[in-house]
Amino acid sequence: MSLTLLRLLRELSGAPEPGDVGAAGCGPHGPPALVLASPECGISGLMFMAAALAAEEEGAVLYLCPQPLQTVPNMGRAARDPLVLKQIRFVYPPSMKDLLQFFSSLHLMSPPPSLIMVDGLERYLPPTCSLQDGARICALMLDSVSHLGCGLLVSAAPSSEGTDGAFLAVERYFPNQFVVYHDLCPEGKKQTFKMSFMSPRPRWNLRIKEDGSLGVSPCITVEDHSPNVQN
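Counting in our numbering, the sequence shown runs without a single skipped number right up to 1007 at its last residue.
Set out below in structure tokens:
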């Protein structure tokens, strides 16, 4: 799924994606990825745009979340055919039990989807969940997509209590992480964020515009212009 995210960010920012993120040799979407972001970052919008891009390029996409999206987010590129939406199947498992049952029967699906997306995994992991609960759902998701040969992208809001319990297992099972966090530099701009892929150094800026749409731009630092920096 890393490659799909990179293609989306390149499309939204109009700039080439950065160097290797360990995505080679893992199919058209790259390795499974975990997006760590709080809800106010507009992450569901970014997930939806990634789903639209994958549906346009690769075919059927499964989009799972606990509740229906309140509004249909922008699909990214203005010229994208609205019929792409027909390639996205939305499924709303309301609980952890239902999510486990869905993935347990996924091997019966024919033809398989090109990509599976789980938006808001933390909502399936209440504080009462144990480390074993988190490990069980992560192992099942990864086994399922490996069996089907499709991509996997999961979003989750980091726990405010730290990395205890089920969420600790989630981070262990998904070492390939894409992090969205508040940008503390702009004066008082609460709707501005930084995004990076497996690196402490920001790669993109994310801004939520007044109309709710997302603006993405490459994050250029002094180090990016230095020939001695190793990417």
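A virtual CB, placed ideally from N, CA and C, is assigned to each residue, including glycine.
Is residue i near residue j, with beta carbons less than 8 Å apart?
i, j, result
"Ser778", "Pro807", "yes"
"Asp909", "Ser820", "no"
"Ser972", "Arg983", "no"
"Ala768", "Leu884", "Outside the shown range of the chain (777 to 1007) lies residue 768, about which nothing can therefore be said."
"Ala826", "Val860", "no"
"Met823", "Met893", "yes"
"Val837", "Pro889", "yes"
"Phe891", "Ser920", "For clarity, residue 891 is Leu in the given sequence; the question names Phe instead. Not a contact, by the Cβ cut-off of 8 Å."
For residue i, which residues of its own chain have a beta-carbon under 6 Å away from its beta-carbon, when the five flanking residues on both sides are left out?
i, result
"Asn981", "Ser993, Cys995"
"Lys985", "Gly991"
"Phe1010", "A query on residue 1010 cannot be resolved here, the shown segment of the chain reaching from 777 to 1007 and no further."
Can you give the Cα-Cα distance for residue i and residue j, rounded to whole angstroms?
i, j, result
"Leu876", "Cys817", "27 Å"
"Leu812", "Phe969", "12 Å"
"Leu924", "Pro903", "31 Å"
"Gln846", "Arg948", "31 Å"
"Thr939", "Val946", "Below a pLDDT of 50, predicted positions are generally treated as unreliable, and Thr939, at 47, falls in that range; the measurement from the model is reported next regardless. Going from the Cα of Thr939 to the Cα of Val946 covers about 9 Å."
"Arg783", "Asp874", "32 Å"
"Arg899", "Cys914", "14 Å"
"Pro815", "Leu785", "19 Å"
"Ser880", "Ser922", "13 Å"
In chain order, what residues of the same chain lie with their CB nearer than 8 Å to the CB of residue i, ignoring the 5 residues before and after it?
i, result
"Arg912", "Leu876"
"Ala809", "Met777, Ser778, Leu781, Leu928, Leu929, Val930, Phe950, Asn952, Gln953, Phe954"
Between which residues of its own chain and residue i is the CB-CB distance below 7 Å, once the five residues before and five after are set aside?
i, result
"Ala942", "Leu901, Cys905, Ser906, Leu907, Asp909, Gly910"
I'd like to know whether the C-beta of residue i is nearer than 8 Å to at least one C-beta of chain B.
i, result
"Ala915", "As a matter of chain content, chain B is missing from the structure shown, which is built from one protein chain."
So does the region 860–873 actually touch the region 836–847, counting three or more Cβ pairs closer than 8 Å? The answer is yes - the region 836–847 touches the region 860–873, with three or more Cβ pairs under 8 Å.
Given 8 Å, three or more beta-carbon pairs between the region 938–955 and the region 825–839: The region 938–955 is not in contact with the region 825–839.
Entirely within the region 898–941 and at least 4 residues each: give me those alpha helix (DSSP H) ranges in chain order. Along the length of the region 898–941, whole alpha helix (DSSP H) runs at least 4 residues long occupy 907–924, reported in chain order.
Any alpha helix (DSSP H) of 4 or more consecutive residues that is wholly inside the region 840–899: If one requires a minimum length of 4 residues, the alpha helix (DSSP H) runs lying completely within the region 840–899 are 872–880, in chain order.
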